[in-house]
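A quick write-up on the structure given underneath.
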């Protein structure tokens with residue numbers, strides 16, 4: 010499982026920075042109370058590495074999701090609410106999600122239980138992936154919990170199926186591998202989480 014954070018820059022001092030071209034080796038102060046969630050930088054130190062996706066709002070299409078910038082950066086200075094970062098690398102979220110190395114242990118089983126799709130949704134995912142190689146779901150409900158699933162994107166890579174689980178800026182989002190459709194993941198998850 011690969012973790013990353015969402016940084017909602019709309020309304021923060023960094024809005025103009027993220028609305029323009031973002032370059033490697035750029036430096037910017039990030040807001041740890043609004044862009045990230047309250048006290049994001051509290052337990053972080055200079056030289057800690059972070060990876061995040063800056064967004065104004067949740068994307069509405071798979072294409073807009075995949076084209077979001079994915080940033081790996083290093084904290085170079087911080088105070089209680091903000092941190093100055095140095096951007097080490099930038100690529101699209103889609104490129105990162107398809108090329109990062111994931112082990113076979115980094116599967117949907119490693120997700121927090123609240124993010125595990127229901128048996129009905131998992132069945133729909135399997136059907137859609139089998140026919141198109143892609144699945145997209147976005148919550149249209151008002152946010153009720155800070156750790157709930159807001160967006161799910163499942164896509165076929167060369168050798169495996171991968172899933173992006175986007176949450177909120179309060180908890181990490183996840184990239185996992187779906188072992189394979191042939192392994193009957195739907196039935197395995199049904200038994201593990203729902204006992205039906």
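In the numbering used here, the protein residues as written are 10 to 205.
Just so you know, even glycine gets a beta-carbon here, dropped at the ideal spot from N, CA and C.
Being a predicted model, the structure only gives us computed values, none of them experimental.
Take the Cβ of residue i as the centre, count every other Cβ of all protein chains shown within 10 Å, and call the residue buried at 16 or more, exposed below.
i: residue 56; result: exposed
i: residue 82; result: buried
i: residue 73; result: exposed
i: residue 205; result: Caution is warranted here: a pLDDT of 27 is assigned to residue 205, below 50, making its placement in the model unreliable, and no coordinate value can be reported.
i: residue 155; result: exposed
Take residue i and list the residues in its own chain whose beta-carbon comes closer than 7 Å to its own, dropping the five residues that flank it on each side.
i: residue 27; result: 18 and 63
i: residue 181; result: 12, 13 and 14
Suppose you measure from the CA of residue i to the CA of residue j; what does that come to, to the nearest Å?
i: residue 106; j: residue 89; result: 31 Å
i: residue 37; j: residue 84; result: 10 Å
i: residue 164; j: residue 143; result: 5 Å
i: residue 54; j: residue 92; result: 9 Å
i: residue 7; j: residue 10; result: Residue 7 is absent from the model: the chain starts at 10 and stops at 205.
i: residue 79; j: residue 16; result: 11 Å
i: residue 86; j: residue 103; result: 29 Å
i: residue 161; j: residue 145; result: 6 Å
i: residue 147; j: residue 115; result: 23 Å
i: residue 185; j: residue 75; result: 16 Å
Ordered along the chain, which non-local residues of its own chain (more than five positions away) have a Cβ less than 8 Å from that of residue i?
i: residue 20; result: 43
i: residue 67; result: 147, 159, 160 and 175
i: residue 32; result: 96 and 99
Could you round the C-beta distance between residue i and residue j to whole angstroms and report it? I think they count as a contact, below 8 Å.
i: residue 187; j: residue 117; result: 6 Å
i: residue 50; j: residue 178; result: Wrong, their Cβ atoms sit about 13 Å apart, outside the cutoff.
> On the three-pair Cβ rule with 8 Å, is the stretch 173 to 185 touching the stretch 134 to 141?
Replying inline: no
>> Count Cβ pairs between the stretch 91 to 111 and the stretch 125 to 134 that sit closer than 8 Å; are there 3 or more?
In response: no
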